[in-house]
Amino acid sequence: MEEQDVLAYVKACARVLGLPLDEEQTARVATHLQRTAAMAELLDAFALRDEDEIAEVFCPAPFRPTPH
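The numbering used here puts the first residue of the sequence shown at 452, with every later residue one more than the last.
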């Protein structure tokens, strides 16, 4: 993704979520998102076997509402 595409994405998401981000905050979020995407790309490129996984897969407990 190009930098202007990431900025447009961050602005659109902020609008949808009702987050009042100024230009400086928007730029910081976009920078962080690009950095995170680059790290994810590096991890995706590295082949791991199932037994290489260092953390358990998250399985949430069943939701049981409490009586009021």
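Glycine residues also receive a C-beta, built at the ideal position from the N, C-alpha and C atoms.
DSSP-derived helix/strand/coil call for residue i
i    : result
R479 : helix
E474 : helix
L468 : helix
A512 : coil
T487 : helix
A459 : helix
Close-in-space but distant-in-sequence residues of the same chain around residue i (CB under 6 Å, 5 per side omitted)
i    : result
A481 : V457, L458 and V461
H483 : none
Cβ separation of residue i and residue j, assumed to be a contact under 8 Å, to the nearest whole Å
i    : j    : result
L472 : A465 : 5 Å
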